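Working notes, structure below.
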Amino acid sequence: MTATPVRHPAVAGRFYPRDPKDLREEVLAYLSQAPGQRPIRAFGCIAPHAGYLYSGHVAGAVFAGLEIPRLCLVICPNHTGMGRALAIMSAGAWETPLGNVPIDGEFAEALKRRCPLLQEDSTAHRSEHAAEVELPFLQTRQPDLRFVPIALGAGQFEALSQLGEAVADVIAAHPKPVLIVASSDMNHYESDAVTRIKDHSAIEPILALDARGLYDAVTQQHISMCGFGPAVAMLTAARKLGARTAELVKYATSGDISGDLDTVVGYAGIVVR
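For the sequence shown, the numbering used here gives the first residue as 2, with consecutive numbering after it.
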């Protein structure tokens, strides 16, 4: 027998606390900042992945308002440039300070069969933070969490659309609910004023459930939304699954926390249902 592979945290102690007690308290604090409401079932969401100090309050607002099913598909950008362009992991578990999150191998294998563009590759995930930082929120809301991670280095609309179509088909055939988490920050390293304008141009087509419109806005208006690929795939899947509405739950920039409005990163929390 071979040992089950475990992917160890890459950014614990930097993007979020390494100590389990501190991490749980911080996550719960961000979740409690959201207005009290009955959690809703959604097809997908967009949540930021910066250090919790800057974007945790936006992520918390998203996850506090959602029913978190036992299976989540977390699609993130590939910041490191390592590994395959459409990289999936189909076995093992990811460790966080709150415990291990098993990968749902059956669901992952079904995705690979339906979308041949996906390739098995742990290298793309080893040092990538964008899926990792979502897990403590998901674990806290769903103690029996299983997930499948996909990291995207591909930026062609056709590939992203194909992935989204495949995700929808596999979820439609799955007997239980699946939440698609698109991990993304918004515009990077411009002034607060410019970032808010650019981000609005990207958020508008997302709220219209317009995957092609989002792709065109980002590429034509030079919006440095790092997770536009995951968002395009998520929107494509959600539309095919029957999504009718999207809601901007919370928006902020790093300047709201740091006070530096000259160079900021934008964060949007969006729910699609």
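Glycine residues also receive a C-beta, built at the ideal position from the N, C-alpha and C atoms.
All values derive from a computational prediction rather than experimental measurement.
- For residue 254, the enclosing beta strand (DSSP E) has its first and last residue at 247-254.
- Taking a contact to require three or more Cβ pairs closer than 8 angstroms, the region 215-233 and the region 76-85 qualify as touching.
- Nearest in C-alpha terms to residue 60, of all of 129, 160, 134 and 24, is 134.
- For the options 192, 256 and 241, the alpha carbon positioned closest to that of residue 173 is the one of 241.
- Three or more beta-carbon pairs separated by less than 8 angstroms are not found between the region 47-66 and the region 109-125, which leaves the two stretches without contact.
- Three or more beta-carbon pairs separated by less than 8 angstroms link the region 187-197 to the region 257-264, which places the two stretches in contact.
- Runs of the alpha helix (DSSP H) spanning 4 or more residues and lying entirely within the region 4-54 occur at 21-33, in chain order.
- Three or more beta-carbon pairs separated by less than 8 angstroms are not found between the region 202-214 and the region 138-150, which leaves the two stretches without contact.
- Non-local beta-carbon contacts of residue 84 in its own chain, meaning distances under 6 angstroms to residues more than five positions away in sequence, involve 122, 124 and 125 in chain order.
- Ranked by how close their Cα comes to the Cα of residue 199, the residues 269, 117, 94 and 17 have 269 in first place.
- Sequence-distant partners of residue 206 (beyond 5 residues in either direction) whose C-beta falls short of 7 angstroms from its own C-beta, in its chain, are 214, 215 and 218.
- With contacts defined as CB atoms closer than 8 angstroms, residue 149 and residue 112 qualify as a contacting pair.
- The C-alpha of residue 23 lies about 10 angstroms from the C-alpha of residue 98.
- If you draw a straight line from the Cα of residue 204 to the Cα of residue 105, it is about 31 angstroms long.
- Classified as buried, residue 273 has 16 or more neighbouring CB atoms from the shown chains inside 10 Å of its CB.
- Rounded to whole angstroms, the separation of the alpha carbons of residue 20 and residue 119 is 34 angstroms.
- DSSP places residue 120 in the strand class (E or B) of the three-state scheme.
- Residue environment analysis places residue 197 among the buried positions, since at least 16 neighbouring C-beta atoms fall within 10 angstroms of its C-beta.
- Residue 34 places its beta carbon less than 8 angstroms from that of residue 58.
- In the assembly as shown, residue 30 is an exposed residue. Its beta-carbon has fewer than 16 other beta-carbons within 10 Å.
- Counting of Cβ neighbours within 10 angstroms places residue 40 among the exposed residues, the total staying below 16.
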